[in-house]
Ligand code: MRU
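So, in structure tokens, the structure goes:
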């Protein structure tokens, strides 16, 4: 039996602009922004107005395709030159989520097939729309596979927001909870607040409440106590880049959760689309880790919470070694260890 529920989305294509939900302002303000110029797209990604690996890739694809519609050039070489400049601008926005680079490369491959500027403009836009549409189906499939290994009726813990608003729809780590609602199944979700910019408390709680999922907020430091006292059956997280041996970069704090899961003997699942795998790298040590402005740590909503001139280290992601991961759930199926072999087999 299917239940009609409201699953929020954050990206909408409107012919001459991309409309995004401003995730910087949630949950206080529900504001939508129109992105038109390449700098709008760059700024939206850099400043986390749109965030989450798949959503970053989709937004970048639209940005590159939309900008190309307006190049004031007649010659193919000039078109390509401008295209490469825009591609570099977008590629410099955030370094860790590989979906960004995957989407930009996919668009570049598309224009390699074109013989005219007009054809390139049309194909680029079609490709961006296609990337967007594919991601929704991919995430739904990740949700279906996740429901094969999570046990309805239990409590599950997550971090950051690997949800519907971080993708085209449904999310990755949060997809099973949205689908469970549609199927009238029940989960209790514990959401880590996710310092420093609070994607857990600001976004995951908001998103799950919108679709009627039972969600309880904890601070990151409460995870071990919650796991040992609240009967958490599993941890499920998203990913920004997965190396070919299964090492996984995800929001800072994910590694601590994997270590705690190992200590308490509960499964630790990563949910991610095939677009988040980077098979060009052998291990997590090769994943570039973004470091963000110190103000994200020294202040909350503009209010200082540390003495002036405090030294700060603010990595946005950490890498969980594959030895701590129970399984990786993709749209193609569930990958179990040995990851080195099984990732290649599944993604082939
Ligand atoms: O800095 P963010 O908010 O972009 O980080 C997001 C995450 O770490 C997510 O878990 C990951 O991108 C997967 S989103 C489906």
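In my numbering, the protein residues as written are 1330 to 1677. Built from N, CA and C at the ideal position, the CB exists for glycine as well.
Following the continuous beta strand (DSSP E) through residue i, name the residue where it begins and the one where it ends.
i	result
residue 1341	1340-1342
residue 1646	1646-1649
residue 1361	1361-1364
residue 1577	1577-1580
residue 1545	1543-1547
residue 1443	Per DSSP, residue 1443 belongs to no beta strand (DSSP E) and is neither H nor E.
residue 1348	1347-1350
Tell me whether residue i, by its Cβ, gets closer than 7 Å to a heavy atom of the ligand MRU.
i	result
residue 1489	yes
residue 1569	yes
residue 1533	no
residue 1528	yes
residue 1587	no
residue 1579	yes
residue 1432	no
residue 1604	no
residue 1496	yes
residue 1575	no
residue 1355	no
residue 1382	yes
residue 1457	no
residue 1590	no
residue 1566	yes
residue 1479	no
residue 1377	yes
residue 1426	yes
residue 1552	no
residue 1645	yes
residue 1501	yes
What three-state label does DSSP hand residue i in the structure shown?
i	result
residue 1569	coil
residue 1638	coil
residue 1643	coil
residue 1521	strand
residue 1561	strand
residue 1336	coil
residue 1447	helix
residue 1456	helix
residue 1620	strand
residue 1574	coil
residue 1528	helix
residue 1353	coil
residue 1426	coil
residue 1482	coil
residue 1674	helix
residue 1475	helix
residue 1505	helix
residue 1513	coil
residue 1612	coil
Am I right that residue i and residue j are in contact with their C-beta atoms under 8 Å? What's the rounded C-beta distance?
i	j	result
residue 1626	residue 1641	5 Å
residue 1569	residue 1609	Residue 1569 to residue 1609, Cβ: 15 Å. No contact.
residue 1468	residue 1500	6 Å
residue 1651	residue 1575	3 Å
residue 1566	residue 1487	6 Å
residue 1525	residue 1351	About 19 Å; that fails the 8 Å criterion.
residue 1595	residue 1550	Not a contact, Cβ separation roughly 18 Å.
residue 1380	residue 1619	Incorrect: roughly 11 Å between the Cβ atoms, too far for contact.
residue 1675	residue 1664	5 Å
residue 1429	residue 1389	5 Å
residue 1621	residue 1645	5 Å
Based on DSSP bridge pairs, tell me the residues matched to residue i.
i	result
residue 1656	1598
residue 1487	1520
residue 1500	1492
residue 1633	1628
residue 1664	1657
Is there at least one Cβ from chain B nearer than 8 Å to residue i's Cβ?
i	result
residue 1592	No chain B is part of this structure, which consists of one protein chain only.
Could you spell out where the alpha helix (DSSP H) holding residue i opens and where it closes?
i	result
residue 1605	First-last for residue 1605: undefined, no H or E at that position.
residue 1626	1624-1627
residue 1371	1367-1375
residue 1385	1382-1397
residue 1534	1534-1539
residue 1417	1405-1420
residue 1593	1583-1593
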